[in-house]
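Read through the structure below, which is laid out as structure tokens, and then see the notes.
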Amino acid sequence: TPLLPVNYTVQEENNNKDDQFTCVCWLENSEKEQVNIIGTANMYLFVVMPKGAEVDKGDAATLTCTFTDIVKNLTVTWEREGTDVGELEGHHMTNGININFKQISTVEILNATESANYTCTLYPYQDRPWPTIVPLQVNGSHYLTPCLLAVVPMVLFLL
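The sequence shown begins at 7 in my numbering and counts up by one.
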């Protein structure tokens, strides 16, 4: 039996929160019996607002990811350039909880020594993370921001 696409539009008045929608379809097989196919589509609507920090070397810093328009607690992880902050000395992370459709997750750095990009990752779906970059700028550190250099060959014509 070929697969047929099924489209369903969530009406605007119902599209106001993250939710789980179930689609029930039926096909007639060769014996004219109905076969139910149930599929679930997770729809999460949210806004992510990252807040970085600029501090002097040796000061404490707090980085924040605020999620709004959510209706349940969401799992959040934090990394510094690929390393889980739980493995880093002097770092403390809070997942936050949903209060009035808003969840705030933070990472505290007790002794900021160098600038770095942190990643706050939200897991609205189990298999699809939603990463957001949150920068930490430490004044007095010697951190080189990665950049792309283009080398352009030059040709000189002598007349």
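Virtual Cβ for every residue (Gly too), placed ideally from N, Cα, C.
Note that the structure is predicted; figures quoted are calculated from it, not measured.
Query, Result
"Status (buried if at least 16 other CB within 10 Å, exposed otherwise) for residue 116", "exposed"
"Beta-carbon proximity check, residue 102 vs residue 77, cutoff 8 Å", "no"
"Residue 124 to residue 94 span [Cα, whole Å]", "12 Å"
"Rounded straight-line distance, which links the Cα of residue 126 to that of residue 137", "6 Å"
"Residue 87, DSSP secondary structure in three states", "coil"
"DSSP-derived helix/strand/coil call for residue 162", "Any reading at residue 162 needs caution, since the residue's pLDDT is 38, under 50, leaving its predicted position unreliable; the model's value is listed next. Correct three-state label for residue 162: coil."
"Local Cβ density within 10 Å of residue 145, reported as buried at 16 or more and exposed below that", "exposed"
"Reference residue 73; option with closest CA among 63, 89, 97 and 104", "104"
"Cβ pair residue 52, residue 135 closer than 8 Å", "no"
"Best match in 110, 118, 54 and 108 for proximity to residue 97 [C-alpha to C-alpha]", "118"
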